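Participant: Below is one structure. I have some questions about it.
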Amino acid sequence: MKPEISIEFFPPTTAEGADKLHATREKLAALKPAFFSVTYGAGGSTRERTFSTVKEIAAAGHEAAPHLSCVGSSRDSIREILQEYADAGIRRIVALRGDLPSGAGAAGEFRYANELVEFIRAETGGRFHIEVAAYPEWHPQARSPRDDLAAFKRKVDAGADSAITQYFYNLDAYLHFVDAVRKMGVDVPIVPGIMPIGSFSKLARFSDACGAEIPRWMRKTFESYGDDSDAIRAFGLDVVTDLCEKLLAAGAPGLHFYSMNMAGPTTEICRRLGLTT
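Counting in my numbering, the sequence shown runs from 2 upward without gaps.
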């Protein structure tokens, strides 16, 4: 059976970006992803752009999964957003805690993602398939691995249907995480998040910010290429394709690609994996 893939976008900020994303989406649609997800800015700062992008994806006949973060939000505002998505025919939500915008004050009526999941279920029943986040290398704000595992289980117990992980390059981290939560009685699908590598400097910045580890052997190899962007891209494709092959061989239920609104890297990895039509 062909593994299921899904692909993440972020909402464009300009008309030029919107045109680029439209072209990217059309190319990636050839991969027949189960859904396209769309990110949501800190404190809901991209609410309208996220909704607009989601509606465009749905209007084109694709399954769309908007991210929805709860920190800094009220129950009434979340209820309103859920109704907007239900009216638009959206059937899948990626439920996240999220971050407050820089300089913001109160955290709002929700503190954690499990509270959002519970609220969505209470308000909408089984209307939405709810995805939540998982962190194989632990959430950077978690007090301990044990606390992070417990937080993940609370999200599932609250009603999550499946999970998408933060990206990683350490296969053992994913396998250990899945094994640990299975022992806790968590049985939902846990889909690995995959970050194609186009620029090592950008990857390093992202990874430092979100706590995703770049293994030393990878970092040193990338650094050895200096400014040779072709060598960096080629090595990045090899590394990520190899990781995907091993994940699928180990039983991962699918792959979720963080596309960064680019079609080329995701398409090439899927071609190498034999997932193109």
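Virtual Cβ for every residue (Gly too), placed ideally from N, Cα, C.
Keep in mind that this is a model prediction, so the values were computed, not measured.
(1) When the Cα atoms are used, what is the spatial distance from P1 to K247?
(2) Closer than 6 Å by C-beta to T242: which residues in its own chain qualify, once you throw out the five before and the five after it? Chain order, please.
(3) For E90 and P67, I'd like the C-alpha separation in whole angstroms.
(4) For G160 versus R122, is the C-beta spacing smaller than 8 Å?
(5) At a cut of 8 Å, does the stretch 155–169 reach the stretch 222–234 through at least three beta carbon pairs?
(6) Tell me G255's beta-bridge partners as DSSP assigns them.
(7) Could you please give me the residues that DSSP links to R273 through a beta bridge?
(8) Name the DSSP bridge partner or partners of I58?
(9) Quick check on the DSSP output: the beta strand (DSSP E) that includes G194 runs from which residue to which?
(10) Ends of the alpha helix (DSSP H) at T25?
(11) Excluding sequence positions up to five away, which residues of its chain have a Cβ less than 6 Å from the Cβ of H140?
(12) Out of W218, M196, V240, which has the shortest C-alpha to C-alpha gap to H257?
(13) Taking the continuous beta strand (DSSP E) assigned at P146, which residues delimit it?
(14) Under three-state DSSP, which class holds Y86?
(15) Please classify Q142 as buried or exposed, where buried requires at least 16 other C-beta atoms within 10 Å of its C-beta.
(16) Buried or exposed for P34, going by 16 or more other Cβ atoms inside 10 Å?
(17) State the Cα-Cα distance for the pair G109 and Y86, rounded to the nearest angstrom.
(18) Pull up the distance between the alpha-carbon of H63 and that of S145, whole angstroms please.
(19) Specify the secondary structure class of V133 as computed by DSSP and reduced to three states.
(20) Buried or exposed for G126, please, with buried defined as at least 16 other CB atoms from any protein chain shown within 10 angstroms of its CB.
(21) Just how far apart, CA to CA, sit I215 and D229?
(22) Buried or exposed, going by whether 16 or more other CB atoms sit within 10 Å of the CB of A203?
(23) Return yes when the Cβ of F129 is within less than 8 Å of the Cβ of R80, no when it is not.
(24) To the nearest angstrom, how far is the alpha carbon of Q84 from that of A232?
(25) With a threshold of 7 Å on Cβ separation, who are the neighbours of A174 within its own chain once the five nearest residues in sequence on each side are excluded?
Facilitator: This is what the structure gives:
(1) Residue coverage of the chain in this structure runs from 2 to 278, which leaves residue 1 outside it and unanswerable.
(2) If you ignore the 5 residues before and after T242, its C-beta comes within less than 6 Å of the C-beta of I270, R273, all in its own chain and listed in chain order.
(3) For the record, residue 90 in the displayed sequence is Gly; it is not Glu. Rounded to the nearest angstrom, the two C-alpha atoms are 12 Å apart.
(4) Contact annotation: G160 and R122 have beta-carbon atoms nearer than 8 Å.
(5) Verdict: no, contact absent.
(6) For G255, which the question treats as bridged, DSSP gives the partners E5.
(7) For R273, which the question treats as bridged, DSSP gives no partner whatsoever.
(8) In the DSSP output, where bridge partners are listed per residue, I58 has none listed.
(9) DSSP places G194 in the uninterrupted beta strand (DSSP E) bounded by 191–195.
(10) In the DSSP assignment, T25 falls within the unbroken alpha helix (DSSP H) covering 16–29.
(11) Contacts found: D149.
(12) Ranking the options by Cα distance to H257, first place goes to M196.
(13) In this chain, P146 is not harboured by any beta strand (DSSP E); it is covered by the alpha helix (DSSP H) spanning 146–158.
(14) Three-state result, Y86: helix.
(15) Per the 10 Å Cβ criterion, exposed.
(16) Flag for P34 reads buried.
(17) So the two alpha carbons sit approximately 21 Å from each other.
(18) So the alpha carbons of these two residues sit roughly 39 Å apart.
(19) V133 sits in a strand when the DSSP states are folded into three classes.
(20) Here G126 is exposed: its Cβ has fewer than 16 other Cβ atoms, across all protein chains shown, within 10 Å.
(21) C-alpha of I215 to C-alpha of D229: approximately 19 Å in a straight line.
(22) At residue 203 the sequence reads Lys, which differs from the Ala that was named. Flag for K203 reads exposed.
(23) It is not a contact, given that the beta carbons lie outside the stated cut-off.
(24) Counting only the Cα atoms, A232 lies some 48 Å from Q84.
(25) Closer than 7 Å at Cβ, skipping near neighbours: P137, E138.
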